[in-house]
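Here is the structure we will look at, set down as structure tokens.
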Ligand SMILES: [Zn+2]
């Protein structure tokens, strides 16, 4: 759980009985976690409610995890505070009753291993696959219960009031890790995205569940979200405002993307924010934020958008910050008909 440097992380096999010793105060150090975004449009619970989790612990498969924030599980279930909630690791249905939970798990239709592919845990269609990681696109309208349940589970680790009860207007991109040895598959995180975004947001909410954090999974999700916007011609970014955790996770993604981009243009000295943005699909504001963070803005011509960059400083900065310049995702690993070039169809 400590590896953070390799760009293509090798996650632990689904760990057993990992207690997540994360308190609210230390949650902030987990960079790749949650990126809650917009203010609540349709709050289901009072915003004045204390930030104390109302579920003390949650059992996900054979993991025992401590929630970080209050849940939005139904009031009648967790209203008075719940010691332990049982959540199915395949379909994310929940119960406070161990007996009925065990009954459900035995019969869960998403139970991995019940079919031929070993991928039954994720609904929707596979759009990306590389090194044990797969991304599945799910329409909230078609999988209402599933997307509601996974959102409720995510809320345990998100300090956001925007709960996604109206899942129908969102697409969900589930990150599934499949262990090559055990053939165990597990949804370890996801991001959601509005089908129609007036602000060109390419992402609404992103989360990697605590047992799988800090292994680069968040960077994969962000990489895929940007690649999708590139393919849609939707130049944008995550919904703002970002949480502090979200800001840091994104900054890390933008920093390595821009460093890669700048260093790849060996002979170029002057860039415009606009061309950086057009090539990387990172929104101009975010490009500027990132360059400022790198302290690389040598000069900006008055009234213009030219940025003169000192590449030696970029290299130095990359070394100092131990920035991994490898791409978090591989463009050739998108799969399916939608992603075939010029209608050539499925790659499989
Ligand atoms: Zn289930």
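Numbering (the UniProt record's numbering), first residue to last: 1 to 348.
Glycine is no exception: its CB is placed at the ideal position from the N, C-alpha and C atoms.
Under the 8 Å Cβ criterion, the stretch 152-160 does not count as touching the stretch 127-136, having fewer than three qualifying pairs.
Cβ neighbours of residue 317 within its own chain (closer than 6 Å, five residues either side excluded): 294. Within 10 angstroms of the beta-carbon of residue 152 lie 16 or more other beta-carbons, which makes it buried. Assigned with DSSP and collapsed to three states, residue 272 falls in strand.
In the DSSP assignment, residue 84 falls outside any alpha helix (DSSP H) and lies within the beta strand (DSSP E) extending over 82-87.
A distance below 7 Å between beta-carbons, with the five flanking residues on each side excluded, links residue 283 to the following residues of its chain, in chain order: 235, 236, 237, 277. Nearest C-alpha to residue 221 among 212, 233, 207: 207.
Residue state for residue 130 is assigned as strand, using DSSP reduced to three classes.
Nearest in C-alpha terms to residue 78, of all of 93, 65, 56, is 56. At a Cβ-Cβ threshold of 8 Å, residue 173 and residue 190 count as neighbours. The Cβ neighbour count for residue 279, taken over all protein chains shown within 10 Å, is under 16; the residue is labelled exposed. In this structure residue 259 is in contact with residue 325, their Cβ atoms being roughly 6 Å apart against a cut-off of 8 Å. For the 8 Å CB-CB criterion, residue 130 and residue 333 form a contact. Relative to residue 249, the option among 214, 285, 265, 81 whose CA is nearest is 214.
Of 53, 62, 199, 212, the smallest CA-CA separation from residue 83 is found for 53. Apart from the 5 residues on each side of it in sequence, residue 60 sits with its Cβ closer than 6 Å to the Cβ of 87, 89 in its chain, given in chain order.
If you draw a straight line from the Cα of residue 169 to the Cα of residue 125, it comes to about 18 Å. Scanning the stretch 206-284 from its first residue to its last, the whole alpha helix (DSSP H) runs of 4-plus residues come out as 217-232, 244-264, 273-280. Taking the C-beta atoms as reference points, residue 239 is found nearer than 8 Å to residue 201. Contact between residue 224 and residue 128 is confirmed by a C-beta separation of about 6 Å, below the 8 Å threshold. In the DSSP assignment, residue 175 falls within the beta strand (DSSP E) that extends over 170-178. Listed in chain order, the beta strand (DSSP E) elements of length 3 or more contained wholly in the stretch 46-77 are 55-60, 63-65.
Taking non-hydrogen atoms of ligand 1 into account, the C-beta of residue 105 is found less than 7 Å away from one of them. Following the DSSP letters along the chain, one finds residue 185 in no alpha helix (DSSP H) but inside the beta strand (DSSP E) bounded by residues 185-194.
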